[in-house]
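K.L.:
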Amino acid sequence: MLKKLLSLAVIVAFSSHASESTTEEYVGKITNVFLGKTGNVKIGIELGEDDYISCADSSWPMYFPAGESYSDSWLDLVFQAKYYGSTLRIGYTPSNENNCSIEYLAIMADDGVASGGGSLDSMVRTGSLGNVALINTNGLTQASFSASNHYSDDIAAGAFDGYTYSEQINEDADSPVSRGIWLVKKETDPNTNMALDNWLQISYQNTVKITGMRIMINSKSLGLGRLPRNVIIQASTDGVNFADMQSVQLIEAEDQGVNFNTAINLKQLRLKVVSNYGDKFIEIDELELFSD
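In case it helps, this note's numbering puts the sequence shown at residues 956 to 1247.
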């Protein structure tokens, strides 16, 4: 469903009794969704102090009925828009006494998607391929990068500094962070003997659209078997709840790219490493992200 939603420029559905002359439009974000056992799906929306809509109920001003032929697709769209912080266009019938009946929903592929520096088009793209994850660009600082753990001084930011170990691979990079790599030792839970999760994460200030990534490692570490093999791309808009977006098996190569199945709107991207090529350490020298 997400792939379908993001691939369409506009998704619009009209109820049979709506007319252009009686329908007003709200443009903004959904804050809350109320679902009861029966009846209507109620919607809370984001309103500024000076914003006004012609609906009586300020907590749940808009609704659409459950059980109609269009209800499931509308509900899918509402939840996706809420999760990714997208801007919706909601056509509704004004009411001074009751909740307003929703007549149509519309979403643009890039509505509400902004980089740390402003609009999507203003994102700084660096290097030969247009990396948008280089430290000290797009509002990214060392604090923007985190990981499940790290070995010695090889912290998460080392995988976003434009260096693979000692070699500079991004002409726009500043100085390397420590050795220019992220390194972590694989460990198990002493109580369960289960392998602990290992992940590398980047956090943007605002929602961005990411369409692919590039992973690099130096030849010596590749030969040692430190490169991730099976990874899961996870996304979040609140830094707490992460959704699995795509599973990838990486080839044994120093430099490789991955195109995502669909563009992902997110604030946090987490690369969860399920396995590597055999060494007791997991290593990523550089992780680049792209927004095409």
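Every residue, glycine too, gets a C-beta built ideally from N, C-alpha and C.
1. Spatial neighbours of residue 1213 within its chain, please: C-beta separation below 7 Å, excluding the five flanking residues on both sides.
2. Does DSSP put residue 1238 in a helix, a strand or coil?
3. By DSSP, does residue 1141 sit in helix, in strand, or in coil?
4. When the Cα atoms are used, what is the spatial distance from residue 1017 to residue 1000?
5. To the nearest angstrom, how far is it from the Cα of residue 1102 to the Cα of residue 1036?
6. Closer than 6 Å by C-beta to residue 1188: which residues in its own chain qualify, once you throw out the five before and the five after it? Chain order, please.
7. Would you mind stating whether residue 1137 and residue 1225 have Cβ atoms separated by less than 7 Å?
8. So, with DSSP's three-state summary, where would you put residue 1067?
9. Would you give the residue range spanned by the beta strand (DSSP E) that residue 1175 belongs to?
10. So, are the CB atoms of residue 1056 and residue 1010 less than 7 Å apart?
11. To which residues of the same chain is residue 1118 closer than 6 Å at the C-beta, ignoring the five residues directly before and after it?
12. How many Å lie between residue 1107 and residue 1192 at the Cα?
13. Under 8 Å by Cβ, that's how I've got residue 1246 and residue 1158 pegged, so tell me the actual separation to the nearest angstrom.
14. Helix, strand or coil: how does DSSP classify residue 1231 here?
15. Residue 1074: buried (16+ other C-beta within 10 angstroms of its C-beta) or exposed?
16. Suppose you measure from the CA of residue 1111 to the CA of residue 1139; what does that come to, to the nearest Å?
17. Would residue 1190 count as contacting chain B if we go by Cβ distances under 7 Å?
18. What does residue 1215 pair with, by DSSP beta-bridge criteria?
19. To which residues of the same chain is residue 1054 closer than 8 Å at the C-beta, ignoring the five residues directly before and after it?
20. Could you pull out every residue in the same chain whose Cβ sits closer than 7 Å to the Cβ of residue 1120, ignoring the five residues on either side in sequence?
21. Please determine if the region 1080 to 1100 and the region 1170 to 1186 are in contact, where contact requires at least 3 C-beta pairs separated by less than 8 Å.
22. I'd like the ranges of any alpha helix (DSSP H) spanning at least 4 consecutive residues and lying wholly in the region 984 to 1056.
23. Would you list the residues sitting across from residue 1167 in a DSSP beta bridge?
24. When you compare each of 1002, 977 and 1243 to residue 1128 by their alpha carbons, which one comes out closest?
25. Tell me, please, which residues DSSP counts as bridged to residue 1208.
26. If you draw a straight line from the C-alpha of residue 1223 to the C-alpha of residue 1235, how long is it?
27. Count the other CB atoms within 10 Å of the CB of residue 1024; is the residue buried (16 or more) or exposed (fewer)?
28. DSSP three-state call for residue 1088: helix, strand or coil?
29. In three-state DSSP terms, what is residue 1115?
30. What three-state label does DSSP hand residue 1150 in the structure shown?
P.N.:
According to the structure data:
1. Result list for residue 1213: 1167, 1168 and 1203, in chain order.
2. Strand.
3. Coil.
4. Residue 1017 and residue 1000 have their C-alpha atoms some 8 Å from each other.
5. In this structure, the straight-line span from the alpha carbon of residue 1102 to that of residue 1036 is close to 28 Å.
6. Here the set comprises 1200 and 1201.
7. It is not a contact, given that the beta carbons lie outside the stated cut-off.
8. Low confidence applies to residue 1067: its pLDDT is 41, below 50, so where it sits in the model is not reliable, and the reading given next is rough at best. Reduced to three states, the DSSP call for residue 1067 is coil.
9. Element bounds for residue 1175: not the beta strand (DSSP E) but the alpha helix (DSSP H), 1174 to 1179.
10. No, these two residues do not count as a Cβ contact at 7 Å.
11. Taking residue 1118 as the centre and dropping the five residues before and after it, the same chain places the C-beta of 1131 and 1135 closer than 6 Å to its C-beta, in chain order.
12. Approximately 30 Å between the Cα atoms of the pair.
13. With 8 Å as the limit, residue 1246 and residue 1158 do not qualify as a contact, their Cβ atoms being about 16 Å apart.
14. The answer is strand: DSSP assigns residue 1231 an E or B state.
15. For residue 1074, the pLDDT reaches just 42, beneath the cut-off of 50, and the residue's location in the model is therefore unreliable, leaving the point undetermined.
16. Their Cα atoms are separated by approximately 9 Å.
17. Looking at the structure shown, chain B is missing, and only one protein chain is on hand.
18. Under DSSP, residue 1215 forms no beta bridge with any residue.
19. Spatial neighbours of residue 1054 in its own chain (CB-CB distance under 8 Å, excluding positions within 5 residues in sequence) are listed in chain order as 995, 997, 1010, 1011, 1012, 1015, 1016, 1017 and 1018.
20. Residues 1134, 1135, 1136, 1173 and 1240 of the same chain have their beta carbon placed closer than 7 Å to that of residue 1120, with the five preceding and five following residues left out of the count.
21. In the pairwise beta carbon analysis, the region 1080 to 1100 is classified as not touching the region 1170 to 1186: fewer than three pairs are separated by under 8 Å.
22. Here the runs fully enclosed are 1026 to 1039.
23. Answer by DSSP bridge pairing, in chain order: 1214 and 1245.
24. Check the Cα spacing between residue 1128 and each of 1002, 977 and 1243: the tightest is with 1243.
25. Secondary-structure assignment with DSSP links residue 1208 through no beta bridge to anything.
26. CA-CA distance, residue 1223 to residue 1235, rounds to 27 Å.
27. Residue 1024 is exposed by the Cβ-count criterion.
28. Coil, per DSSP.
29. Note: residue 1115 maps to helix in three-state DSSP.
30. It is a strand residue.
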